[in-house]
Amino acid sequence: MRIYRDEDARLELLLGKRIAVIGYGNQGRAQALNLRDSGLQVLIGNPEDAYAEQARADGFTVLPIAQAAEQGDVVMLLIPDEMAPRVFREAIAPALSPGDALVFASGFNVAFGFIEPPPGVDVILVAPRMIGAGVRDLYLAGRGFPSFIGVAQDASGHARDLALALAKGIGSTRAGVVEVTFTQEAELDLFTEQCFGPAFGQVLLTAVDLLVEEGYPVEAVLLELYMSGELAYTLGKMAEMGLIEQTSLHSRTSQYGSLSRSMRFMMPELRQRMRQGLEEIRSGQFAREWAAEQAAGYPTLQALREMARQQPIYRWEQELRRAMPYTPPPVVHLMEAGPEASAPRKAPPPRWKQAVHRLRRLLAGRMEEQADTSQMRPLYSAEVPLVVQAFLARLPGNPDLCAFAQNRDLIVHYVLEEPDLEFYLRFVDGEVVADTGAPPERAHLRLQTRADILDGILTGRIPAMRAAMSGQIRLEGDTRLAMSLPAIQDRLGQIYREVRQNVLSGQM
Ligand code: NDP
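Residue numbers for the sequence shown follow numbering that gives the first Met the number 0, so the first one is 0 and each next one is one higher.
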């Protein structure tokens with residue numbers, strides 16, 4: 000096995016080079032911010048729209064795609080794969096000069112011949128095995144995430160080193176990087192999407208269908224199988240410890256039951272169907288079919304999506320989530336366990352010691368919080384919904400807030416970015432209503448800001464007034480009403496801090 004780590008990569012190769020990130024979506028934004036934070040020179044190429052606005056708000060120079068590609072020595076194509084061939088043909092290919100490097104985050108277009116880069120440029124792959132939000136969050140947390148790198152054309156003679164340097168710049172070599180060909184990356188990715196994923200989905204659907212038919216309550220079936228988050232948690236443990244090793248986390252009954260019955264589900268037909276799927280991918284049949292679907296305006300995709308929504312499970316899931324608005328534990332929590340997770344596990348301390356330890360941590364946390372809120376770590380994106388939901392649940396009935404709500408009707412709508420999340424507070428006739436989503440009636444005040452800014456304000460790390468004055472909060476509505484909010488700001492902050500701490504220490 001060959002895994003490339005930080006010590007195998009030389010960031011210096013990129014110093015003095017201009018990196019043009021084309022596209023500022025999931026991967027584009029995360030990678031651009033990480034590269035800049037790694038000390039590299041980054042500019043963005045994007046059409047003039049909300050993405051461009053976001054990039055400017057993040058402090059980047061934004062140019063039309065052709066101009067950015069012209070200025071970049073390293074051009075990273077981070078737009079959707081189906082849009083890339085046209086954008087490449089029209090705006091990027093004419094702007095490339097010998098000596099430039101062209102970087103992809105997916106092998107698809109090069110592997111299946113939809114993009115043919117000109118000679119004289121390095122053509123490299125840096126493909127994170129992580130969604131964009133994770134690429135950024137894990138970088139900020141000082142951790143990494145795995146990536147695949149590859150070289151399709153080595154014009155400079157050091158294309159692999161350049162790929163490694165970029166992988167280091169986005170923070171990936173902290174975890175580990177594996178080299179593959181463009182074709183291998185594309186085929187593995189498609190196999191996961193077209194064979195592994197659907198086979199797994201069918202297992203789930205069959206189980207739900209059978210259990211509901213046998214009279215088990217739908218909500219119990221969904222929670223048991225996956226909607227409690229236990230399955231996701233187990234998958235996280237599988238990634239940390241391995242498929243076999245994680246079985247030690249389950250009861251002996253579970254271990255015996257699973258292992259003794261697993262042979263029953265060994266079906267030669269499954270393997271045969273997976274092989275057939277892989278053949279379709281390798282022969283280019285899928286790529287041609289998909290290109291024809293795009294050219295026709297996605298009629299089959301739309302029909303398939305519609306059919307998927309017609310399945311009873313779609314409605315059941317919605318009903319369960321309405322009845323039980325619970326966010327399962329985020330996988331990023333699991334990853335926080337970090338290197339210690341792979342260390343040999345010690346026997347747990349006796350219960351009394353655990354209790355003392357918890358109490359100490361709690362007291363230390365409280366004292367630390369009172370002493371200096373600036374030490375609080377920012378929330379991971381995946382933690383934001385958990386904290387917000389727990390916060391909202393604590394507001395109704397709070398005496399101070401109910402007192403504020405006397406003789407008032409005020410709806411405040413909060414619109415958060417990164418992650419996108421909406422919620423509202425309504426103070427009406429001595430009552431407080433708080434819920435996620437948009438308010439049922441038009442809000443008197445609408446506050447739009449990034450989740451980390453609101454978190455900073457409510458934890459006291461960021462002065463609210465300064466955030467509003469510097470444009471970090473966009474405020475719409477009746478500003479006179481906004482002036483009444485500071486009266487409850489302290490109380491809201493206090494509740495938020497308590498809830499936040501409880502959520503992060505796993506007590507909620
Ligand atoms: P996004 O859908 O998030 O990309 C959106 C960006 O692409 C926006 O800046 C958008 O700008 C721009 N864009 C979209 N259409 C066009 C167009 N026709 N012309 C010009 N710009 C356009 O993409 P992802 O970040 O999800 O994917 C980028 C690459 O990363 C892909 O190769 C993908 O396979 C790969 N990848 C993605 C992963 C993920 O988790 N999403 C994981 C690993 C790799 P605008 O709308 O303004 O045009």
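Every residue gets a Cβ at the ideal spot worked out from N, C-alpha and C, and that includes glycine. In this text, all values refer to a predicted model and were calculated from it rather than measured experimentally.
Nearest to residue i (by Cα), restricted to the options the options
i	options	result
threonine 458	Asp36, Phe390, Leu400, Asn397	Phe390
asparagine 108	Tyr255, Gln183, Gln201, Met129	Gln183
valine 134	Ser155, Gly168, Glu475, Glu115	Gly168
proline 216	Val74, Ile312, Gly235	Ile312
glycine 276	Glu421, Arg251, Thr448, Glu192	Glu192
glycine 476	Pro395, Arg314, Tyr413, Gln30	Tyr413
leucine 12	Ala162, Ala294, Ile123	Ala162
arginine 490	Leu453, Pro398, Leu503, Asn33	Pro398
glutamine 405	Val431, Asp208, Asp7	Val431
alanine 486	Leu124, Gly141, Met226, Ala402	Ala402
leucine 484	Ala450, Phe426, His157	Phe426
aspartate 136	Pro395, Pro327, Val102, Asn25	Asn25
phenylalanine 144	Asp454, Arg128, Glu218, Pro327	Arg128
glutamine 388	Ala433, Asp419, Ser253	Ala433
isoleucine 64	Asp57, Gly58, Val74, Arg55	Val74
alanine 290	Pro327, Pro84, Gln506	Pro84
cysteine 194	Gly296, Gly141, Leu269	Leu269
glycine 505	Arg1, Gln66, Pro327, Ser105	Pro327
arginine 407	Ala442, Gly429, Gln66, Gln271	Gly429
glycine 22	Asp36, Trp315, Pro46	Pro46
isoleucine 123	Glu178, Asn33, Thr233	Glu178
aspartate 419	Tyr255, Arg9, Leu453	Leu453
serine 146	Leu400, Glu305, Val386, Arg1	Arg1
alanine 92	Ala56, Gly106, Val120, Ser105	Val120
isoleucine 494	Asp160, Tyr423, Ala392	Ala392
Helix, strand or coil at residue i according to DSSP, with G and I counted as helix
i	result
serine 146	strand
proline 216	coil
glutamine 447	strand
phenylalanine 113	coil
glycine 476	strand
glutamate 47	coil
aspartate 80	coil
tyrosine 313	helix
aspartate 428	coil
alanine 467	helix
glutamine 66	helix
alanine 381	helix
arginine 304	helix
valine 177	strand
leucine 394	coil
isoleucine 18	strand
alanine 433	strand
alanine 126	strand
leucine 420	strand
isoleucine 410	strand
glutamine 152	strand
alanine 100	strand
aspartate 121	strand
alanine 294	helix
tyrosine 23	coil
tyrosine 495	helix
leucine 189	helix
glutamine 40	strand
leucine 415	strand
tyrosine 3	strand
Cβ distance (whole Å) where residue i is taken to contact residue j below 8 Å
i	j	result
isoleucine 18	glycine 71	6 Å
isoleucine 280	leucine 189	5 Å
valine 41	valine 20	6 Å
threonine 448	isoleucine 410	Wrong, their Cβ atoms sit about 17 Å apart, outside the cutoff.
alanine 544	glutamate 497	This structure gives no information on residue 544, because the portion of the chain shown stretches from 0 to 507.
glutamate 382	valine 502	7 Å
phenylalanine 87	leucine 77	Going by Cβ atoms, the distance from phenylalanine 87 to leucine 77 rounds to 12 Å, so no, they are not a contact pair.
leucine 95	valine 125	About 18 Å; that fails the 8 Å criterion.
alanine 467	glutamine 488	Between glutamine 488 and alanine 467 the Cβ distance is about 12 Å, and since that is not below 8 Å, they are no contact.
arginine 460	methionine 375	7 Å
threonine 435	proline 324	7 Å
Residue i at chain B interface by Cβ criterion, 8 Å
i	result
valine 411	Of the chains in the structure shown, none is chain B; there is only one protein chain.
* Asked: Of all the alpha helix (DSSP H) runs that stay within the bounds of the segment 219 to 275, which reach a length of 4 or more residues?
  -> 229 to 240, 251 to 260
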